[in-house]
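Below: the structure, in structure tokens.
2 protein chains.
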Amino acid sequence: MSRTLKNIKHDDDLKQIARFAKALGHPTRLIILKYLDNKNCCFTGDLVEVLPIAQSTVSQHLKELKEAELIQGEVNPPKIKYCINQKNWEKAKKIFCEFFK
Amino acid sequence: MSRTLKNIKHDDDLKQIARFAKALGHPTRLIILKYLDNKNCCFTGDLVEVLPIAQSTVSQHLKELKEAELIQGEVNPPKIKYCINQKNWEKAKKIFCEFFK
DNA sequence: AAATCTTATCGTAAATTTACGATAAACTAT
DNA sequence: ATAGTTTATCGTAAATTTACGATAAGATTT
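Each protein sequence line maps, in turn, to chains F and C.
For the first sequence, counting from 1, position 86 maps to 86 in our numbering; every step adds exactly one.
For the second sequence, counting from 1, position 5 maps to 1005 in our numbering; every step adds exactly one.
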């Protein structure tokens, strides 16, 4: 594959898009993001009440969204308050729109 | 989870977004889509030349993009000409922009 | 100190994904 | 007919994902 400096930068972009897209690639995670977007913030338990899956599975999906940096968790013992990571949310929006041109 | 008619429709949307996002969730597939977008159309062999992975793996990625209906293949023996599925490409664009609001 | 609450993590199983080489299928050219 | 070209599919292995129940960790309340 051709490897100009331009292409390498482009590759990095594509990797970032793929990383975001992968995180968005499960219905449950989209529901979580929509929920967070509506309610602004919520606790894990709020999602567990609303989703038809086990608590541990919800926690796992939250972890993936956190690792993709699309959400962030703030410790508020014994609860953890999750919110959308606005900075990266905007970045995702931008990067996707750009990708689709 | 609450299940009004509205929510069920919404769920379908989310499933469709997840389906598209999953297909976009690998750098190689993004490169393929970008390539197709630039060149309009191409043969499998063109991609194999350009990508640092085996022919069978390229074919597998093409299959996934085809199954997500983001591309389509037209037999042109013994080659197969791939193009972006414009209808669904537009749908993806729309659906993603809507999701990000 | 003990019980309770909330959520992450562990262990595990099943399914899916990613990658490869080898082979088959389908058509063209010699 | 034979050889060559192109690309899908098969078989397989390793890694990752998805889901669950059980348990641990961390803090509060009793």
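Ideal Cβ positions, reconstructed from N, Cα and C, are used throughout, including at glycine.
Here the structure is a predicted model, which is why all the values come from computation and not from measurement.
Asked	Found
CB contact below 8 Å: F/F96 versus chain C	yes
Contact check, C/D1024 vs F/A18, beta carbons under 8 Å	In the sequence under discussion, the amino acid at residue 1024 of chain C is Leu, which differs from the Asp named in the question. Their beta carbons are under 8 Å apart, which means C/L1024 touches F/A18 by this criterion.
Minimum C-alpha distance to F/E112 - residue among F/P27, F/A92, F/T57	The structure shown has nothing for residue 112 of chain F, since chain F only spans 1 to 101.
Near the ligand MG: F/Q72 beta-carbon under 7 Å from a heavy atom	Within the structure as shown, the ligand MG is missing, as the structure has no ligands at all.
Beta-carbon spacing of C/F1096, F/F100 below 8 Å	yes
Endpoints, the alpha helix (DSSP H) within which C/K1063 is located	1055-1067
Run of the alpha helix (DSSP H) containing C/N1038, from where it starts to where it stops	1027-1039
Cα-Cα separation, F/I32 to F/K79	17 Å
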